[in-house]
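Read left to right, the sequence shown gives residues 607 to 922 (this note's numbering).
Just below is one structure, and these are the notes that go with it.
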Amino acid sequence: MQALIPVVDFQIGDAAVPAVNARELHAFLGAGKKFPDWIKERIAQYGFTENKDFVALAESDNFVQKGFSLNREKPLTGRPSKDFMISLAMAKELAMVERNDKGKQARLYFIACEQRMLQQASQAALPAGDAIPPGCPRFNGVPVLTNQQLQALLQVSRHTVRSNRILRPGRFKVGVHFFNLSGEPLRNFTLDNINNGVFTRRGGRRLTIWSLAGVEAHLQMLPPSTAEPARQRLQRFLAGEAELLADSDSPTLPPLPALSAPVEPEAVSHQQTPSTAQCHATLCFPSATAFGLAMPDILSLMQRHGAQLAEVVTEG
C-alpha cells in the first residue's frame, strides 16, 4: 500500500497512538485556507480535545527525530508557527469533512492503515493456536469477540450492541462482521468459558461473535475520544495483556414506564361497557437514539402482553 501520508506512533496524552502530522494532511487535502486558520477552525467546529485527539508542538520540537519532515512555512517575523500531531481517528474525520476527492482518498487510506495495524497486532500476538491468550475466543482459528466482550470493550450496554446490529443492517453483514453460531458450527468455536452462549427455546445453544472487522465497524460509530481508548484496550487484549469482562459498571437502560392497569368492569361508568373500555400507555423518549435502545424491551413486552398492548400508542 502506497504511503500517502506518514502514520506513526506518537504520544498524545497518556498513550502512544497512531498519528499523523496535521500540516502534511492539510497539504495533501489541498485545503484553500492557510494551515493555522484551517486547523484552528476545524478544532473549534468539531470539538476536538487537546491531549486526547491532538497535541500542539512548537517549532523547537525535533520532528526529524520523530520521523517527520519539517515541511512548513518559515515566518519572516513574529512568533514561530506550530505543528499539530493528530490521532488517526481525528485525521479520518478531517479528511471526511473536507468533502472532496482528496478527502475521500485520505479517509480510505487511513481506514486501510487501521485495518493493517489490527491485523499485524493480532498476527504478532497470536502466532499459533496454542499461543492465543486465555479468554480470547476464536472461530476457525481467527480471533473474535463475544457479545459480552464487545460490550466491555465499547463500555456500552447489551441493548446498545444489539440495537446497533438490528437497526443498522447495512453496516453489519452476517459472515463478515458477525456470526450467529448454533448447533454444529459451535464445534469450531473455542473459548475456555462457553457459558457466554444463549440457549434458544428449542434447547440448542446460540452465540453471536464478532470479527475484528465487525469490532472496527462498531468503533467507527463512536466519537474519536471514545474510540481510540477502546482500540488501545483491544490491542492489549489481543496481546494477552488485559481482559475484556462486562461488569456491574456497564451502563444499563432505565426501566420502562409501567403499563397502566386494565380498567376493571366495576370502575367503568354507566356510559361505558367492559367491551369498549380501553387501556392506553404512552411511552415518551427524548430522542430517536433512546427509542432505538428501548426497542428490545418494548418488543419483549409486546410478545408477553400482546393482547394488553394492542391499543398502546408510542410517541417520541
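Just so you know, even glycine gets a beta-carbon here, dropped at the ideal spot from N, CA and C.
Looking only at its chain, what residues have a beta carbon closer than 6 angstroms to the beta carbon of Arg764, apart from the 5 residues adjacent to it on each side?
Along the sequence shown, one-based indexing puts residue 764 at 158. Within the same chain, Arg764 has close Cβ partners Gln757.
Count the other C-beta atoms from every protein chain shown that fall within 10 angstroms of the C-beta of Thr766, then say buried if there are 16 or more, exposed otherwise.
Along the sequence shown, one-based indexing puts residue 766 at 160. The residue in question, Thr766, is buried, as its Cβ has 16 or more Cβ neighbours within 10 Å.
Using a Cβ-Cβ cut-off of 7 angstroms (strictly less than) and excluding sequence neighbours within five positions of Lys708, which residues of its own chain qualify?
Within the sequence shown, the letter at position 102 stands for residue 708. Around Lys708: Phe634, Leu635 and Gly636.
Taking DSSP as the reference, what is the three-state secondary structure of Met691?
The residue you call residue 691 lines up with position 85 of the sequence shown. In the structure shown, Met691 sits in a strand (DSSP, three-state: E or B).
Assuming contact is defined by CB atoms lying nearer than 9 angstroms, are Leu751 and Arg839 in contact in what I supplied?
Counting from 1 along the sequence shown, the entry for residue 751 is found at position 145. Counting from 1 along the sequence shown, the entry for residue 839 is found at position 233. No, the pair does not count as a contact, with Cβ atoms beyond the cut-off.
Could you please give the first and the last residue of the uninterrupted alpha helix (DSSP H) stretch that includes Leu825?
Indexing the sequence shown from 1 puts residue 825 at position 219. Leu818 to Leu825 is the extent of the alpha helix (DSSP H) around Leu825.
I'd like to check one pair, Ser831 with His783: are the Cβ atoms closer than 9 angstroms?
Stepping through the sequence shown from its first residue, residue 783 is reached at position 177. Stepping through the sequence shown from its first residue, residue 831 is reached at position 225. Against a cut-off of 9 angstroms, the Cβ pair of Ser831 and His783 comes out as no contact.
Among Leu694, Arg771 and Lys779, which residue has its Cα nearest to the Cα of Arg712?
As a position in the sequence shown, residue 712 is number 106, starting the count at 1. Rather than Arg, the amino acid found at residue 712 in this sequence is Ala. The shortest Cα separation from Ala712 among Leu694, Arg771 and Lys779 belongs to Leu694.
Count the other CB atoms, across all protein chains shown, that sit within 10 Å of the CB of Gly776; report buried if there are 16 or more and exposed otherwise.
Here residue 776 is taken as the residue at index 170 of the sequence shown, counted from 1. Exposed is the call here.
From the DSSP output, which residues share a beta bridge with Val614?
Start at 1 with the first residue of the sequence shown, and residue 614 comes out as number 8. Ala625.
Tell me which residues share the same chain as Asp620 and place their Cβ nearer than 6 angstroms to its Cβ, disregarding the 5 neighbours each side in the sequence.
Residue mapping note: residue 620 aligns to position 14 of the sequence shown, counting from 1. Nothing listed; no residue qualifies.
Using a Cβ-Cβ cutoff of less than 8 angstroms, which residues in the same chain neighbour Lys639 once the five nearest sequence positions on both sides are dropped?
As a working mapping, residue 639 is identified with position 33 in the sequence shown. So the list reads Glu647, once near-sequence residues are dropped.
Assign Phe778 to one of three DSSP states: helix, strand, or coil.
For the purposes of this step, residue 778 is identified with residue 172 of the sequence shown, where counting begins at 1. Here Phe778 sits in coil by DSSP.
If you drop the 5 nearest sequence neighbours on each side, which residues of the same chain put their C-beta closer than 8 angstroms to that of Pro835?
If you number the sequence shown from 1, residue 835 lands on position 229. The residues are Ala621.
Between Val626 and Ile692, how many whole angstroms is the CB-CB distance? I'm expecting something under 8 angstroms.
Numbered from 1 along the sequence shown, position 20 holds the residue referred to as residue 626. Numbered from 1 along the sequence shown, position 86 holds the residue referred to as residue 692. With 8 angstroms as the limit, Val626 and Ile692 qualify as a contact, their Cβ atoms being about 6 angstroms apart.
Put Phe654 into one of helix, strand or coil per three-state DSSP.
Taking the first residue of the sequence shown as position 1, residue 654 is located at position 48. Residue state, collapsed to three classes: coil.
When the Cα atoms are used, what is the spatial distance from Phe660 to Glu704?
Your numbering for residue 660 matches position 54 in the sequence shown. Your numbering for residue 704 matches position 98 in the sequence shown. In a straight line, the C-alpha of Phe660 is about 18 angstroms away from that of Glu704.
Output yes or no for whether 9 angstroms exceeds the beta carbon distance between Ala551 and Ala697.
The chain is shown from 607 up to 922; residue 551 falls before or after that span and cannot be answered.
Can you give me the C-alpha to C-alpha distance between Ala664 and Ser769, rounded to a whole angstrom?
Here residue 664 refers to the residue found at position 58 when the sequence shown is read from its first residue. Here residue 769 refers to the residue found at position 163 when the sequence shown is read from its first residue. Their Cα atoms are separated by approximately 45 angstroms.
Beta carbon of Lys688, beta carbon of Ala662: below 9 angstroms?
Your numbering for residue 688 matches position 82 in the sequence shown. Your numbering for residue 662 matches position 56 in the sequence shown. Result yes, Cβ atoms of Lys688 and Ala662 sit closer than 9 angstroms.
For Arg771 and Met827, I'd like the C-alpha separation in whole angstroms.
Indexing the sequence shown from 1 puts residue 771 at position 165. Indexing the sequence shown from 1 puts residue 827 at position 221. Taking the straight line from one Cα to the other gives about 12 angstroms.
Quick one: Cα of Pro749 to Cα of Asp643, how far?
For this step, residue 749 is matched to residue 143 along the sequence shown. For this step, residue 643 is matched to residue 37 along the sequence shown. Those two C-alpha atoms are separated by around 44 angstroms.
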